[in-house]
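A short worksheet on the structure shown next.
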Amino acid sequence: MEIALARLYNSPTTNVIGVDNMTVSNQTVADIFDQCAKMLQIKGESVHRWMAYSRVAEAIRDLPRDLSAMAQDRTLHDIPGVGKVLAEKIEELLNTGQLAFHQELQKEVPLGVVEMTEIHGVGPKKATLFWKQLNITTVAQLEQAALEGRLATLEGMGKKSEQKILESIQSQKKHRDRTPLGVALPIAKNILAYVLELDEALHGEIAGSIRRGRPTIGDVDLLVAGTNPEAIMQRFVSHGEVEHINGQGKTKSSVVLRNGLQVDLWVLEPSRFGTALQYASGSQMHNIRIREIALKAGYSLNEHALTPINAAGELLSEQEILCATEEAVYAHIGLPWIAPELREDNGEIEAAKAQQLPHLVELQHIRADLHMHTTWSDGSKTIREMAEAARARGLEYICITDHSITSRVANGLGIDRLLQQREEVQRVNAAMGNGFTILHGTEMDIQLNGTLDYPDDILEQLDFVIASLHFGLSQDRATITKRLLNAINNPHVDMIAHMRGQLIMSREPADLDMDQVFAAAQKTGIAFEINSNPKRLDLEAQYARRAVEMGIPISINTDSHRIEQLANLDYGIRTARRGWVPSERVINTWSLERFREWVGKRGKA
DNA sequence: GCCGTTTTCGGCCCGACTGTTTTCAGTCG
């Protein structure tokens, strides 16, 4: 996990004293807790103490509510890992914009030393060594010292270590951030396929955070079952995109690609594939919990096997249990298989124990795509071409939802063209024949003042109405929330698309008051979209989960502007599964009849 | 610092790889 120091420093909340009318974001609290964890670690505090801060930071990042709202409800203790001390620290941050404990720590450990530990190959011990021995307190100073050969003279260091640190600093300058899922997944598939071309590589899986469906990826984890690890590893490191080999062993190797992405490969014999896949899929916190449960059941669990432990606490290695599948791993410790997208230690283990895991939506459950564009606005294909492509992908119905008039750059439709388009939809529908239906809808803009682009008497005539925020996304919280509520409260609007307006790693989400938004949606019965475009993946999983818990319907759509984008549905499904979304709650898994009935009950024919 | 069909204290997962050692510490996942 990387700490975004720049973001933390630039956040006004850390510099302002005595703020009362300023909201401290969840992100800021998480960043400060992460820094506390790092500083405690450098200070040599107990691993359990600093891990407590790190765990809570991670939990806060995945929270679907504002900490400030939770503090008012007195529900901070509901966050796993938050006890008396951390709840008080969160409240201090929310109330004052700063944390005295954090500032005290900074007097003992310079933040530049924390920053050094973010360099690959530099941990708390090395960072402390450079700081205490050479008085180095910034990454720039560390780079200079490495160039001058001063690091190699230290105890426990040598020329090779110095060179590695130098390379890490320089490579980190090129590639600091995480990688979007939409970039990492195709690369992972490509490299895995390349390795599997080798006869000795029997089968494999993409593991890690890609398998869990996270919207951004730190590194790619691959797993291969095979009989000749050396040959498989050699094949792996000889892939054309490999720029640097971090390490190459018999069971694990790690490389860096030309684009800066790190890829790790584990190779195990097929009989151990299940334990290895379970291990490599993570998350770390899920695995810690699973291994604790294994211990209570009398086993030590690692990536190779489940090993029984006798009363004296000794491993009975000769009795180890091999698992070729993940199902076997979970079964041996008394749990049903848990879908990888749920494995974040976010309640999935408790649900598994209670036999209450959700029946998650799958790609093949989807019968319709309710959000796509054509040449009528900014799409590249005609209604007919989009329909044919959707039918070829196995869908039963689609809804054409071109932009409305306010999106002038997207050639948005005025009322006249919207009505003309309806006639063409009817013509193409007839031409398509039985067994496939094209619905006519719109993706209607919500104007800056909250006004909708079409009047109610026009909306009434459409099969399905989407409302979207496309601009003015940096309005203040009260303004943009009111604007969105205006759309949610219109009975003719059936769905809000890509609600928060985020673009992964390039645009922050709008500052919506999500408590108000969810409450309004629960009242009106409107659906929320999970947009499958890998640049959006909006709603994010934690909000999708909250929607499910509140009974708000979900729709998973591609927002396609080109035929190839229809395949993006896979990303939306992964996001929905991370959000614990069961298929019966997804309106486009329903038959056309049921879907029409649902829309009809919302106030239209 | 958290947590509890081992509850208010004593626990809190497990192994691979590298470089510097000469048996292991540090880092990473």
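Each residue of the first sequence is one higher than the one before, starting from -7 at the first, in the working numbering. Virtual Cβ for every residue (Gly too), placed ideally from N, Cα, C.
> How would you write the range of the alpha helix (DSSP H) that cysteine 391 sits in, first residue to last?
Replying inline: The count along the first sequence starts at 1 and reaches residue 391 at position 399. Premise fails: cysteine 391 lies in the beta strand (DSSP E), 389 to 392, not in any alpha helix (DSSP H).
> If leucine 59 sits next to tyrosine 45, beta carbons under 8 Å apart, how far is it from one beta carbon to the other, in whole angstroms?
Replying inline: For the purposes of this step, residue 59 is taken as the residue at position 67 of the first sequence. For the purposes of this step, residue 45 is taken as the residue at position 53 of the first sequence. Cβ atoms of leucine 59 and tyrosine 45 stay farther apart than 8 Å, at about 15 Å.
>> For the stretch 226 to 246 against the stretch 281 to 290, do three or more pairs of beta-carbon atoms, one drawn from each stretch, fall closer than 8 Å, so that the two count as touching?
In response: Touching, no, given that fewer than three Cβ pairs across the two stretches are closer than 8 Å.
> Among the residues of its own chain, which have a CB less than 8 Å from the CB of asparagine 13, if the five just before and after it don't count?
Replying inline: As a first step, residue 13 is located in the first sequence; it is residue number 21 there, counting from the start. With a pLDDT of only 46 at asparagine 13, under the threshold of 50, the placement of this residue in the model should not be trusted; the figure read from the coordinates follows. Excluding positions up to five away in sequence, the list is empty.
> Which residue comes first and which comes last in the alpha helix (DSSP H) that contains lysine 151?
Replying inline: Here residue 151 refers to the residue found at position 159 of the first sequence. Unbroken alpha helix (DSSP H) run through lysine 151: 151 to 166.
> Pick from Gly571, Leu143, Thr567 and Arg250: whose alpha carbon is nearest that of serine 524?
Replying inline: Numbered from 1 along the first sequence, position 532 holds the residue referred to as residue 524. Ranking Gly571, Leu143, Thr567 and Arg250 by Cα distance to serine 524 puts Thr567 first.
> Among His236, Leu529 and Asp505, which residue has its Cα nearest to the Cα of arginine 469?
Replying inline: Numbered from its first residue, the first sequence carries residue 469 at position 477. Nearest option by C-alpha distance: Asp505.
> Under a three-way DSSP split, which group does serine 460 fall into?
Replying inline: The residue labelled residue 460 in the question sits at position 468 within the first sequence. In this structure, serine 460 counts as strand in the three-state DSSP scheme.
> methionine 542: buried (16+ other C-beta within 10 angstroms of its C-beta) or exposed?
Replying inline: Mapped onto the first sequence, residue 542 falls at position 550. Counting Cβ neighbours within 10 Å, methionine 542 comes out exposed, since fewer than 16 surround it.
> Do aspartate 394 and threonine 366 come within 8 Å of each other at the CB atom, strictly closer than that value?
Replying inline: Mapped onto the first sequence, residue 366 falls at position 374. Mapped onto the first sequence, residue 394 falls at position 402. Yes, they are a contact pair.
> Do you know how far the Cα of glycine 290 is from the Cα of glutamate 333?
Replying inline: Looking up residue 333 in the first sequence gives position 341. Looking up residue 290 in the first sequence gives position 298. C-alpha separation (whole angstroms): 27 Å.
>> Pull the bridge partners of methionine 487 from the DSSP assignment, please.
In response: By 1-based counting over the first sequence, the position of residue 487 is 495. DSSP output for methionine 487 lists Ile458 and Ala519 as bridge partner(s).
> Between the beta-carbon of lysine 527 and the beta-carbon of leucine 477, is there less than 8 Å?
Replying inline: Counting from one through the first sequence, the residue named residue 527 turns up at place 535. Counting from one through the first sequence, the residue named residue 477 turns up at place 485. The answer is no: Cβ separation not under 8 Å.
> For alanine 597, is the classification buried or exposed, using 16 other Cβ atoms within 10 angstroms of its Cβ as the cut-off for buried?
Replying inline: Locating residue 597 in the first sequence gives position 605, where the first residue counts as 1. Annotation note: pLDDT 45 at alanine 597 (below 50); position unreliable, coordinate value reported separately. Result: exposed.
> Quick one: what's glutamine 254 bridged to in DSSP?
Replying inline: Here residue 254 refers to the residue found at position 262 of the first sequence. Glutamine 254 has Val248 as its beta-bridge partners, per DSSP.
> Would you call the stretch 415 to 423 and the stretch 442 to 453 in contact, with 3 or more CB pairs under 8 Å?
Replying inline: Contact fails: fewer than three Cβ-Cβ distances are below 8 Å.
> Quick one: what's got a C-beta closer than 8 Å to tyrosine 1's C-beta in the same chain, skipping five residues either side?
Replying inline: As a working note, residue 1 is residue 9 in the first sequence. For tyrosine 1, the pLDDT reaches just 33, beneath the cut-off of 50, and the residue's location in the model is therefore unreliable, leaving the point undetermined.
> For glutamate 197, which residues does DSSP report across the bridge?
Replying inline: Within the first sequence, the letter at position 205 stands for residue 197. According to DSSP, which records beta bridges pairwise, glutamate 197 is partnered with Leu215.
> What is the rounded straight-line gap between the Cα of tyrosine 598 and the Cα of valine 21?
Replying inline: The displayed coordinates of the chain run from -7 to 597. Any statement about residue 598 would go beyond what the structure contains.
>> Residues in the same chain with beta-carbon distance under 8 Å from lysine 124, minus the five sequence neighbours each way, listed in chain order, please.
In response: Taking the first residue of the first sequence as 1, we reach residue 124 at position 132. Within the same chain, lysine 124 has no close Cβ partners at all.
> Per DSSP, which one or two residues make a beta bridge with arginine 499?
Replying inline: For the purposes of this step, residue 499 is taken as residue 507 along the first sequence, with counting starting at 1. BP columns for arginine 499 point to Leu495.
> Excluding five sequence neighbours on each side, which residues of the same chain lie with their C-beta closer than 6 Å to the C-beta of glycine 104?
Replying inline: As a position in the first sequence, residue 104 is number 112, starting the count at 1. Within the same chain, glycine 104 has close Cβ partners Thr129 and Thr130.
> What residues are listed by DSSP as bridge partners for leucine 293?
Replying inline: As a first step, residue 293 is located in the first sequence; it is residue number 301 there, counting from the start. In DSSP, leucine 293 forms a bridge with Leu298.
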